[in-house]
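So for the sequence shown, our numbering puts the first residue at 82; every next one is plus one.
Working notes for the structure below.
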Amino acid sequence: MNTGPAAREGAAGPVAVQADRKAADCGRILLEGLRGADPGLVLVFGADGPDLAALDAALRKGLPEGCIVAGCSSAGEIGPNGYASDSVVAIGFPSSCFRAQAQILPDLDRLPVSDWMATLRRLHAGFGPDPRRSLFGLLLVDGLAGQEDALVASIDAALPSVPTLGGSAGDGLSFQQTWLLAHGRVIDNAAVFLLVETDLAVAEITFAHFSPTATRMVVTAALPEKRRILELNAEPAAAEYARLAGLDPASLTPTEFARHPLLLRMGRRHHVRAIGEATPDGGLSLMSAIDTGTVLTLGRTEDMTRGFAEALASLPRPPLMVLGFDCILRRLAVEREGLAERMSELLARYRVAGFNTYGEQHSGMHVNQTFVGLAFMPQAPAGDDAA
């Protein structure tokens, strides 16, 4: 059993537990670490398909009646000791300070937006306003359905007062099949939305380790419904991207895509439109929405550990835990630069637990190559203006 600092020190915040995904007693190990937290909500990251269903059944046998269990497959995990692979991370949210409800949003391929919005509003109606508690949404979504942009916009329109963040389920670096879990069901082509309230203080953290260069390009042909760029600057997209980034067109890999992201400017900020792969026809398959006529900027990576440490250190108080959704392309870039151990030390120090994603959601947007987290902290003492 491997439990996080919050568990070992007996703090009132969430508890993270990690186990080997292939261990025959994986469920028992996780359950032993979670039981002391008396959780009302458990998030499970790392297992997939039948293993996720079996794990759900094992956990439900030992968790308190009424405890909500939800989760998804991943492209990697963030456990009590930082980055991990081939593991399962479970996070228990104590019922003493958390209340949650889960809702499946099905049929991503059909985009039943009206149905989703009506469902979300009904769910929200069950949470009356309480100035003593924070209310937020968590989103887990099929990372291969390609509908995150429309989904996040729908949630933002239905629940404009509820800050929502989350991650797209992963499948390692295979990009073949992702899975989600809620209400005892293992599903795909869907999303799981959790509405959560807590009497702990909550702060959102976002961090992306890139900056724009002077190199710009125009999408001159695209297949928006497939998130695919066919041409950049009226040239085959993969070859033109490689030329602009100074890369060999024959060596375009996820690691190189992570080091040289495409950026889309919206307002005063640049957001990554991450590349998933070069397609056989010479195009580029993206992990976010794209359209013909879009102007993109080539990005460059910056110091990934110092900036991240500064973002975490800026929290008003040390967190009991940070629920983290970290893009797999960010992790690949960290590993490429030989910084995985340093990053894991930071993740462990600030008690980050979560998973590596195929995309991240926050502030009504779907983004890539970004860390999105929610820090849970004790409430500030009365009269403390720094809260």
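All C-beta atoms in this analysis are idealised placements derived from N, C-alpha and C, irrespective of residue type, glycine included.
Figure out for me which residue from A156, I159, G94, I172 has the closest Cα to the Cα of I110.
It is I172.
Put M368 into one of helix, strand or coil per three-state DSSP.
Looking at M368 - three-state DSSP - the assignment turns out to be coil, as it is neither helix nor strand.
Exposure label - A88; buried when at least 16 CB within 10 Å:
Low local confidence applies: a pLDDT of 39 at A88 is under 50, so the model's placement there is unreliable, with the coordinate-based value given in what follows. With 16 or more Cβ atoms within 10 Å of its Cβ, A88 is classed as buried.
Inspect the CB distances between the stretch 420-433 and the stretch 243-263 and report whether three or more fall short of 8 Å.
Counting Cβ pairs under 8 Å, fewer than three are found: no touch.
From D384, F256, R412, residue whose alpha carbon lies closest to that of L367:
Comparing Cα-Cα distances from L367 to each of D384, F256, R412, the minimum goes to F256.
Which of helix, strand or coil DSSP assigns to C148
DSSP places C148 outside both helix and strand once states are collapsed to three, so it counts as coil.
I need the straight-line Cα distance from K142 to G160, nearest angstrom please.
Annotation: K142 to G160 spans about 23 Å, alpha carbon to alpha carbon.
Going by DSSP in three states, L246 sits in which element: helix, strand or coil?
Collapsing the DSSP output to three states places L246 in a strand.
Using a Cβ-Cβ cut-off of 6 Å (strictly less than) and excluding sequence neighbours within five positions of G94, which residues of its own chain qualify?
The residues are A87, L401, M402, F457.
Since H443 sits in a beta bridge, which residues does DSSP pair it with?
Partner(s): L246, M446.
Which of the three DSSP states, helix, strand or coil, is assigned to P317?
Looking at P317 - three-state DSSP - the assignment turns out to be strand.
Taking 7 Å as the threshold (C-beta atoms), are N437 and S177 in contact?
In this structure, N437 does not lie closer than 7 Å to S177 by Cβ.
Could you check where the beta strand (DSSP E) with F288 kicks off and where it finishes?
Counting along the chain, the beta strand (DSSP E) containing F288 begins and ends at 282-288.
Length at least 3, wholly inside the stretch 352-425: the beta strand (DSSP E) runs in chain order:
If we require 3 residues or more, the beta strand (DSSP E) runs fully inside the stretch 352-425 come out as 356-359, 365-367, 376-382, 402-408.
Excluding the 5 residues preceding and the 5 following T386 in the sequence, name in chain order all residues of the same chain whose CB lies nearer than 7 Å to its CB.
L420, R423, M424, L427, listed in sequence order.
Among R346, T360, L396, the one whose alpha carbon lies nearest that of L379:
The residue with the shortest Cα to Cα distance from L379 is R346.
Cutting at 6 Å between CB atoms, please list the residues of its own chain near H351, excluding the five before and the five after it.
For H351, where only same-chain residues beyond five positions count, the Cβ hits under 6 Å are P293, L344.
If we count the other Cβ atoms within 10 Å of its Cβ and call it buried at 16 or more, is Q460 buried or exposed?
Counting Cβ neighbours within 10 Å, Q460 comes out exposed, since fewer than 16 surround it.
Can you list, in chain order, the residues of its chain whose CB lies under 6 Å from that of L133, leaving out five sequence neighbours each side?
Answer for L133: W260, L262, V267, listed in chain order.
Could you check what DSSP says for C107 in three-state terms: helix, strand or coil?
Helix, per DSSP.
With a CB to CB cut of under 7 Å and the five nearest residues on each side skipped, what residues in its chain are close to G364?
R309, I310, L311, A318, A319, listed in sequence order.
Give the single residue among S395, M298, G348 whose Cα lies nearest to the Cα of D372.
For D372, the nearest C-alpha among the options comes from M298.
Measure the Cβ-Cβ separation of V169 and R102 and say whether it is below 7 Å.
For V169 and R102, yes; Cβs fall inside 7 Å.
Return yes when the Cβ of G108 is within less than 7 Å of the Cβ of L136, no when it is not.
Cβ atoms of L136 and G108: closer than 7 Å.
Can you tell me which of A250, L204, L377 puts its alpha carbon nearest to the alpha carbon of V125?
Restricting attention to A250, L204, L377, the CA atom closest to the CA of V125 is found in A250.
Have a look at L189 and P462 and give me their C-alpha separation to the nearest angstrom.
If you draw a straight line from the Cα of L189 to the Cα of P462, it is about 44 Å long.
Quick one, are the C-beta atoms of G405 and G454 less than 7 Å apart?
With contacts defined by Cβ atoms closer than 7 Å, G405 and G454 form a contacting pair.
Determine the contact status of I76 and A239, defining contact as a CB-CB distance below 7 Å.
Absent from the structure is residue 76, since the part of the chain shown begins at 82 and ends at 468.
Going by other Cβ atoms of all chains shown within 10 Å of its Cβ, with 16 needed for buried, is R340 buried or exposed?
Counting of Cβ neighbours within 10 angstroms places R340 among the buried residues, the total reaching 16 or more.
Can you pull the DSSP bridge partners for I172?
Partner(s): A97, L124.
Does the structure place the stretch 321-332 close enough to the stretch 269-284 that three or more beta carbon pairs sit under 8 Å?
With the cut-off at 8 Å, the stretch 269-284 and the stretch 321-332 do not touch.
Sequence-distant residues of its chain with Cβ nearer than 8 Å to L140 (five each side left out):
So the qualifying residues of the chain are G108, L111, L112, L115, V123, V125, V150, A171.
Just to confirm my understanding: we take V433, look at its own chain, exclude 5 residues before and 5 after, and list those with CB closer than 7 Å. What are they?
Excluding residues within five positions, the ones whose Cβ falls inside 7 Å are I159, V403, G405, G454.
In the DSSP assignment, find the unbroken alpha helix (DSSP H) run with A235 in it and report its ends.
The sequence given here has Ser at residue 235, not Ala. Per DSSP, S235 belongs to the alpha helix (DSSP H) from 229-239.
Relative to the C-alpha of N162, which candidate in E416, V194, T301, A97 has its C-alpha closest?
Among E416, V194, T301, A97, the Cα nearest to that of N162 belongs to A97.
May I have the straight-line CA-CA distance separating A100 from D129, to the nearest angstrom?
Take the alpha-carbon of A100 and the one of D129: they are about 14 Å apart.
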